[in-house]
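What follows is one structure encoded as structure tokens, with my remarks underneath.
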Amino acid sequence: MPDTQRPEDLLASLQVEIRVLQDRALKLETFADGLNDKHDTLRSEVRSEIASLRNQIASLETKMETANKQINSKLDRLFGARSVVTAVITLLTSILGSGVVHLVVSIGG
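Following my numbering, the numbering of the sequence shown begins with 2 at its first residue and continues without gaps.
What follows is the structure in structure tokens.
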């Protein structure tokens with residue numbers, strides 16, 4: 002996955018990949034449980050594969066948390082900027098309104 006991918010897209014693709022790996026690990030666990038004692042070597046290989054899948058899942062979950070933090074950071078900046086713009090517009094409107102009222106009172110009086 003390229004590093005230039007949008008956090009939202011990365012998050013969605015990581016969720017899909019985690020689900021696929023979890024399904025694969027569950028199938029392997031079911032398969033390993035069905036093996037009898039004659040298949041100890043195969044059972045240990047399957048357990049090793051399951052451990053590898055669990056490590057991949059943990060790594061993907063970490064990447065997903067990072068992408069989620071990036072999204073939250075962007076949202077925080079967006080809402081912060083929006084608040085600043087709203088405050089500036091309110092201040093300007095207030096100043097202009099007071100000025101117009103002052104002008105009307107001055108001209109009328």
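The beta-carbon is built from N, C-alpha and C at its ideal position, and this holds for glycine as well. Quick caveat, the model's predicted, so the values are computed rather than measured.
Pick from the options that is closest to residue i, judged by C-alpha positions
i     : options                    : result
Ala26 : Val17, Leu43, Leu12, Ala52 : Ala52
Ile58 : Gln23, Gly81, Ala68        : Gln23
Leu11 : Ile96, Lys70, Leu79        : Lys70
Segment limits, alpha helix (DSSP H) that includes residue i
i     : result
Arg25 : 8 to 35
Same chain, Cβ closer than 6 Å to residue i, neighbours up to 5 away in sequence not counted
i     : result
Arg1  : The requested residue 1 does not occur in the structure, where the chain is confined to residues 2 to 110.
Ala68 : Pro8, Leu11, Leu12
Neighbourhood of residue i by C-beta distance below 8 Å, restricted to the same chain and skipping five residues each side
i     : result
Leu29 : Val47, Glu50, Ile51, Leu54
Same chain, Cβ closer than 7 Å to residue i, neighbours up to 5 away in sequence not counted
i     : result
Leu36 : Leu43, Arg44
Validate contact between the stretch 11 to 31 and the stretch 53 to 64 using beta carbons, cut 8 Å, 3 pairs: yes
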